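Structure first, then comments.
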Amino acid sequence: MTDIATQIDNDVKTNDVVLFMKGTPDMPMCGFSGRSVQILQNLGVPFKGVNVLDSAELRQGIKDYTNWPTVPQLYVKGEFVGGSDIMMEMFQSGELKQLMADKGVA
Amino acid sequence: MAMSATDIERFIKEALPDAVITIRDLAGDGDHYAANVVSAAFKGKSRVQQHQMVYAALKGRMGGELHALALQTSTPED
């Protein structure tokens, strides 16, 4: 595993809820990332925001880590949940709230 | 860098010949689309896997040439 993959893996495994995004929760730099932050805040779920714009290596590394070509990416208890579309779909159907409850993070 | 709706449809059809695809251009800049893809090939697959199948069909253009593709996938019975 490359250094960047190890760093990502560590973030994913040591935080209950991690959102790899463009920008920070307080200052999202992309509409999709902003929308994902709002969803998590709406659910009242504490999460760690990781700004992939901090390094090109991280920005590419996160796409390789889970074979998902875009950001944002949401991980709950080490598991990849999805990107912005899937988060929105699950949020609207109530599945995301249920998932957080099932995983004991909400 | 941009893609046309017809390009997107062609790539997806090549990988998923039975797919019924509707594409909306969200911004008119060739970079932001919404697509709904219905295919029997998605049967038994999670949403993440379904979306990964569509991204694979786009052969690496997703996130590069194509900045945003708001994706919805389903099987014919859904």
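As they're listed, the protein sequences go chains Y and B. Sequence positions in the first sequence follow my numbering and run 599 to 704. Sequence positions in the second sequence follow my numbering and run 26 to 103. Cβ coordinates follow ideal geometry from the N, Cα and C atoms, glycine included. Being a predicted model, the structure only gives us computed values, none of them experimental.
- Using a Cβ-Cβ cut-off of 8 Å, Y/PRO623 does not count as an interface residue toward chain B, since no Cβ of chain B sits closer than that to its own.
- For B/HIS92, there is no enclosing alpha helix (DSSP H), since its DSSP letter is neither H nor E.
- Y/ILE606 places its beta carbon 8 Å or farther from that of Y/ILE684.
- By the Cβ rule, the region 667-676 of chain Y counts as touching the region 694-702 of chain Y, because three or more pairs are nearer than 8 Å.
- Remark: C-beta atoms of Y/GLN658 and Y/THR664 do not approach each other more closely than 8 Å.
- Separation of the CB atoms of Y/LEU651 and Y/MET625 is rounded to 11 Å, and the pair is thereby denied contact status at 8 Å.
- Here DSSP, grouped into helix, strand and coil, assigns Y/PHE645 to coil.
- Contact between the region 47-67 of chain B and the region 28-36 of chain B is present, with at least three C-beta pairs closer than 8 Å.
- In terms of Cα proximity to Y/LEU697, the closest of Y/LEU638, Y/ALA654, Y/GLY629 is Y/LEU638.
- Taken through DSSP and simplified to helix, strand or coil, Y/GLU677 comes out as strand.
- Taking CB atoms only, B/VAL73 has a neighbour in chain Y less than 8 Å away.
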